[in-house]
Amino acid sequence: MSRIERLDIRLCLLAMAILVALRIGTRDEGILFVACLVMVWSIFALAYDLVFGTTGILSFGHAAYFGMGAYGMAWAQMHGGLPFSLGLVAAALLGAACAWAVSLIGSRITGLFFSLLTLMLAELMSILMLTRLRGLSGGVDGLPGVARPAWGEIDFFHNANFFWVVYVVFVAVVLACWVLRRSPLGQAWQAVRQNPVRAEQLGFGVRPLRQSAMAVSGALSGVAGGLLASLMMYTGPQMLNWKTSGDVLIMTLLGGSGTLLGPIVGVAFFEVLREVLAAYSDYWYGLVGLVFILCTLFLRKGLAGTALHWWSQR
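Per this note's numbering, the very first residue in the sequence shown carries number 2; after that it's consecutive.
Listed below in structure tokens is the structure:
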């Protein structure tokens, strides 16, 4: 393990400790809601970075797997009568199935063409949910009433209690991503990103590896979507919107792709910046875009990526 990787995981553990300290130190429902939101989006960003930062696949359609995970959670509860835990499994399976199907359709194309295909298929899915499948999706109104867990006498409708559910899943996903990156499968994904031609010459199946990365990323994106649906107690078509894919891409690049800490820092920075700027201007998204451009120009490795690189050179 390199010095950067050791520092990366240590700072992730520090971030986990800070979240616990935040939960213990405050009972403010609003602050805890934002903390849950940061953890959910961090799961989504970590999932996205498995294909972008690890495997080298630029996807513009990850909102589809995120949104279908949210709908999967809602359908599992409302139509299947399943509890929260099985609803989360259903969200992961639906997200993985959608991502695998997209990768299978685009198995013969790469680069920007594949990126545009993911955008097209995600938008097609969004349109279908708004029109042909509105009886199942609720159309523009979405599906309100997505339940939170019901375990014993604990009231999970309080964000202070639901925080721990999101936190456990968040920690599990961070550790799973760390193990995946260091596993033979993760090393093969990185080989595909660095040089797909050389990887194929060495005997790696490049297409199956890309498809497996998409499926795993889709599963984790579905988990994030299911958690968000439960946190908001609602799922709607905006979760499938192309802007959601853009947001997770911006978050990942802001923090620094290819690291564990980067997506988490990017999400936290994006959410805090949004909360601050939205209080002063209705055009906060443009201001976030300006910050993103400046970071892209002067911090090529992102906030966390630059900091990790600088510290490792000391």
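We treat Cβ as the ideally placed atom computed from N, Cα and C, and that holds for glycine.
Being a predicted model, the structure only gives us computed values, none of them experimental.
For the putative contact between residue i and residue j, defined by C-beta atoms under 8 Å, what is the C-beta separation to the nearest angstrom?
{"i": "valine 193", "j": "arginine 182", "result": "With a Cβ gap of about 13 Å, valine 193 and arginine 182 do not count as contacting."}
{"i": "alanine 92", "j": "glycine 227", "result": "3 Å"}
{"i": "glycine 204", "j": "cysteine 99", "result": "Incorrect: roughly 30 Å between the Cβ atoms, too far for contact."}
{"i": "serine 116", "j": "leucine 59", "result": "5 Å"}
{"i": "leucine 288", "j": "serine 282", "result": "7 Å"}
{"i": "tryptophan 285", "j": "leucine 295", "result": "16 Å between Cβ atoms; not a contact."}
{"i": "serine 313", "j": "arginine 4", "result": "5 Å"}
{"i": "isoleucine 251", "j": "phenylalanine 299", "result": "Not quite, the Cβ-Cβ distance comes to about 16 Å (not below 8 Å), so this is no contact."}
{"i": "phenylalanine 164", "j": "leucine 261", "result": "The Cβ separation is near 21 Å, so there is no contact."}
{"i": "leucine 20", "j": "tyrosine 168", "result": "6 Å"}
When DSSP labels each residue in this structure, what does residue i get in the three-state scheme?
{"i": "tyrosine 235", "result": "strand"}
{"i": "glutamate 154", "result": "coil"}
{"i": "arginine 301", "result": "coil"}
{"i": "proline 84", "result": "coil"}
{"i": "glycine 31", "result": "helix"}
{"i": "tyrosine 284", "result": "coil"}
{"i": "isoleucine 5", "result": "helix"}
{"i": "leucine 255", "result": "helix"}
{"i": "histidine 310", "result": "helix"}
{"i": "phenylalanine 53", "result": "helix"}
{"i": "leucine 261", "result": "coil"}
{"i": "leucine 163", "result": "According to the sequence shown, residue 163 is phenylalanine rather than leucine. Helix, per DSSP."}
{"i": "leucine 15", "result": "helix"}
{"i": "phenylalanine 205", "result": "coil"}
{"i": "threonine 132", "result": "coil"}
{"i": "threonine 111", "result": "coil"}
{"i": "arginine 149", "result": "coil"}
{"i": "phenylalanine 61", "result": "coil"}
{"i": "serine 116", "result": "helix"}
{"i": "glycine 139", "result": "coil"}
{"i": "serine 184", "result": "coil"}
Name the one or two DSSP bridge partners that residue i has.
{"i": "leucine 144", "result": "Thr236"}
Leaving aside the five residues before and after residue i along the sequence, list all residues of the same chain whose C-beta is less than 6 Å from its C-beta, in chain order.
{"i": "glycine 256", "result": "Gly263, Pro264, Val266, Gly267, Gly303, Leu304, Ala305"}
{"i": "tyrosine 49", "result": "His63, Val249, Thr253"}
{"i": "serine 138", "result": "Met130"}
{"i": "glycine 223", "result": "Tyr66, Gly70, Ala92, Ala93, Leu95, Gly96"}
{"i": "glutamate 6", "result": "none"}
Among the residues of its own chain, which have a CB less than 7 Å from the CB of residue i, if the five just before and after it don't count?
{"i": "serine 127", "result": "Pro238, Leu241, Asn242"}
{"i": "proline 150", "result": "Phe85, Phe157, Val166"}
{"i": "phenylalanine 171", "result": "Met40, Ser43, Ile44"}
{"i": "arginine 28", "result": "Ala161"}
Please name the residue in the options whose C-alpha comes closest to that of residue i.
{"i": "proline 185", "options": "Thr55, Leu89, Ala173", "result": "Thr55"}
{"i": "glutamine 78", "options": "Val141, Arg7, Ala148", "result": "Ala148"}
{"i": "proline 84", "options": "Gly57, Phe163, Trp152, Gly26", "result": "Trp152"}
{"i": "valine 52", "options": "Arg208, Thr297, Gly146", "result": "Arg208"}
{"i": "alanine 16", "options": "Ile294, Ile32, Met130, Ala269", "result": "Ala269"}
{"i": "glycine 206", "options": "Gly223, Ser108, Phe114", "result": "Ser108"}
{"i": "leucine 36", "options": "Ala75, Asn162, Met74", "result": "Per the sequence shown, the amino acid found at residue 36 is alanine instead of leucine. Ranking Ala75, Asn162, Met74 by Cα distance to alanine 36 puts Asn162 first."}
{"i": "phenylalanine 271", "options": "Ser104, Gly290, Val103", "result": "Gly290"}
{"i": "leucine 8", "options": "Asp283, Trp179, Arg275", "result": "Trp179"}
{"i": "methionine 247", "options": "Ala214, Ala123, Gln314, Leu20", "result": "It should be noted that the sequence gives glycine, not methionine, for residue 247. Answer by Cα proximity: Ala123."}
{"i": "histidine 159", "options": "Thr307, Leu232, Val141", "result": "Leu232"}
{"i": "glycine 88", "options": "Met74, Ala46, Ala97, Gln314", "result": "Met74"}
{"i": "leucine 105", "options": "Arg11, Asp283, Ala279, Met215", "result": "Met215"}
{"i": "valine 173", "options": "Ser3, Glu6, Cys13, Arg4", "result": "This sequence places alanine at residue 173; valine is not what is there. Taking only the C-alpha atoms, the option nearest alanine 173 is Cys13."}
{"i": "glycine 57", "options": "Asn196, Gly31, Gly82", "result": "Asn196"}
{"i": "lysine 244", "options": "Val90, Leu120, Leu38", "result": "Leu120"}
{"i": "alanine 177", "options": "Leu221, Ile155, Leu20", "result": "Leu221"}
{"i": "glutamine 191", "options": "Leu118, Val103, Ser258", "result": "Ser258"}
{"i": "leucine 229", "options": "Glu154, Leu38, Gly136, Ser213", "result": "Leu38"}
{"i": "tyrosine 72", "options": "Ala200, Glu201, Leu134, Trp311", "result": "Leu134"}
{"i": "glycine 31", "options": "Ala200, Ala225, Glu276, Phe114", "result": "Glu276"}
{"i": "tryptophan 101", "options": "Gly140, Val217, Leu309, Phe114", "result": "Val217"}
{"i": "valine 175", "options": "Ala225, Phe61, Leu118", "result": "Ala225"}
Once the 5 residues before and after residue i are set aside, which same chain residues still bring their CB inside 8 Å of it?
{"i": "tyrosine 235", "result": "Gly143, Leu144, Pro145, Gly146, Val147"}
{"i": "threonine 297", "result": "Leu254"}
{"i": "isoleucine 25", "result": "none"}
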